[in-house]
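Here the protein sequences come in this chain order: D and P.
Position one of the first sequence corresponds to residue 1373 (my numbering), numbered consecutively onward.
Position one of the second sequence corresponds to residue 3 (my numbering), numbered consecutively onward.
Glycine included, C-beta positions come from ideal geometry on N, C-alpha and C.
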Amino acid sequence: EAGVAQSPRYKIIEKRQSVAFWCNPISGHATLYWYQQILGQGPKLLIQFQNNGVVDDSQLPKDRFSAERLKGVDSTLKIQPAKLEDSAVYLCASSLVSLSSYNEQFFGPGTRLTVL
Amino acid sequence: AQTVTQSQPEMSVQEAETVTLSCTYDTSESNYYLFWYKQPPSRQMILVIRQEAYKQQNATENRFSVNFQKAAKSFSLKISDSQLGDTAMYFCAFNDYKLSFGAGTTVTVRA
């Protein structure tokens, strides 16, 4: 079974530029998550989708971050404009269901973003 | 908001020895799941072991086992017979519909 795919693996940009990350979840997984993992910290949830609807985006900095999941499969996360503090690894994860506390999430390899 | 605390930033262990990682959490919920995830340098987050709060029996997965103390809100991970491939960052995570991670413990296995 193919895992969660993410691209690119690495991205370096200047501050105030824009950047986009792509995620393809495991086939059949209705729930998709984007996490931000700053160096030396645990992942922090940015946004959670159930199919193509947003379940939780309470920690998404909406003035600069946006995400979409058209057709309930692939997802893109965009940052515009980027700030130095956005340097982090962006992890995508997927799961079968979210309306359960038993919620094994499968993670992709992440995208390491460096903002100069 | 749920909080997960891992008080050991780094741990070092000799190959074949045992190491225990600590984790405490704070919640008012009665039904939840706890997880330990492993993140090697490749960054791929891998589930190591899970524990349901209703189950009193501690979970075990091969060389990995947990000590779950619900009243104390403690969830430690024991790695037995440590192997070089166990070198990674280990995250404790709490899930009551939303996954909250601790800050992680870096484990280094020495040859």
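Beta-carbon spacing of residue i, residue j below 8 Å
| i | j | result |
| --- | --- | --- |
| phenylalanine 70 (chain P) | valine 6 (chain P) | no |
| glutamine 8 (chain P) | serine 24 (chain P) | yes |
| tryptophan 1406 (chain D) | isoleucine 1419 (chain D) | yes |
| tyrosine 35 (chain P) | tyrosine 1382 (chain D) | no |
| phenylalanine 103 (chain P) | phenylalanine 93 (chain P) | yes |
| aspartate 1446 (chain D) | tryptophan 1394 (chain D) | yes |
| threonine 1403 (chain D) | valine 1469 (chain D) | yes |
| tyrosine 1333 (chain D) | leucine 1432 (chain D) | With chain D running from 1373 to 1488 in the structure shown, residue 1333 (chain D) is simply not present. |
| serine 84 (chain P) | threonine 20 (chain P) | yes |
Where residue i falls, given that 16 or more other Cβ within 10 Å makes a residue buried
| i | result |
| --- | --- |
| glycine 106 (chain P) | buried |
| alanine 1374 (chain D) | exposed |
| isoleucine 51 (chain P) | buried |
| aspartate 28 (chain P) | exposed |
| proline 43 (chain P) | exposed |
| aspartate 1415 (chain D) | It is proline, not aspartate, that sits at residue 1415 (chain D) in the sequence shown. Buried: at least 16 other Cβ atoms inside 10 Å. |
| alanine 90 (chain P) | buried |
| leucine 1411 (chain D) | exposed |
| leucine 1417 (chain D) | buried |
| aspartate 1435 (chain D) | exposed |
CA-to-CA distance, residue j to residue i, given in whole angstroms
| i | j | result |
| --- | --- | --- |
| arginine 112 (chain P) | alanine 1460 (chain D) | 28 Å |
| serine 1467 (chain D) | glycine 1480 (chain D) | 12 Å |
| glutamine 53 (chain P) | lysine 100 (chain P) | 15 Å |
| proline 1380 (chain D) | lysine 1450 (chain D) | 13 Å |
| valine 1376 (chain D) | cysteine 1464 (chain D) | 7 Å |
| valine 1391 (chain D) | alanine 74 (chain P) | 44 Å |
| alanine 18 (chain P) | asparagine 64 (chain P) | 14 Å |
| glutamine 1378 (chain D) | asparagine 1423 (chain D) | 18 Å |
| glutamine 1408 (chain D) | asparagine 1396 (chain D) | 17 Å |
| phenylalanine 1437 (chain D) | glutamine 59 (chain P) | 43 Å |
| proline 1425 (chain D) | arginine 45 (chain P) | The sequence given here places glycine at residue 1425 (chain D); proline does not occur at that position. Those two C-alpha atoms are separated by around 28 Å. |
| histidine 1401 (chain D) | lysine 57 (chain P) | 27 Å |
| glutamine 1477 (chain D) | threonine 110 (chain P) | 25 Å |
| methionine 47 (chain P) | threonine 1483 (chain D) | 13 Å |
| phenylalanine 37 (chain P) | serine 1430 (chain D) | 23 Å |
| asparagine 33 (chain P) | glycine 87 (chain P) | 33 Å |
| threonine 22 (chain P) | alanine 61 (chain P) | 15 Å |
| isoleucine 81 (chain P) | aspartate 98 (chain P) | 25 Å |
| glutamine 10 (chain P) | glutamine 1413 (chain D) | 13 Å |
| threonine 108 (chain P) | valine 68 (chain P) | 17 Å |
| glycine 1421 (chain D) | threonine 1448 (chain D) | Rather than glycine, the amino acid found at residue 1421 (chain D) in this sequence is phenylalanine. Rounded to the nearest angstrom, the two C-alpha atoms are 12 Å apart. |
Expected contact under 8 Å - CB spacing of residue i and residue j to nearest Å
| i | j | result |
| --- | --- | --- |
| lysine 40 (chain P) | alanine 55 (chain P) | Contact flag wrong, Cβ pair sits at about 22 Å. |
| leucine 79 (chain P) | phenylalanine 66 (chain P) | 7 Å |
Contact test: residue i Cβ vs the ligand SAM heavy atom, cutoff 7 Å
| i | result |
| --- | --- |
| aspartate 98 (chain P) | The model on display carries no ligand, and the ligand SAM is accordingly not part of it. |
For the stretch 1428–1447 of chain D and the stretch 14–23 of chain P, state whether three or more C-beta atom pairs, one from each stretch, are separated by less than 8 Å.
no
Quick check: the stretch 1451–1465 of chain D against the stretch 1376–1389 of chain D, are there 3 or more CB pairs under 8 Å?
yes
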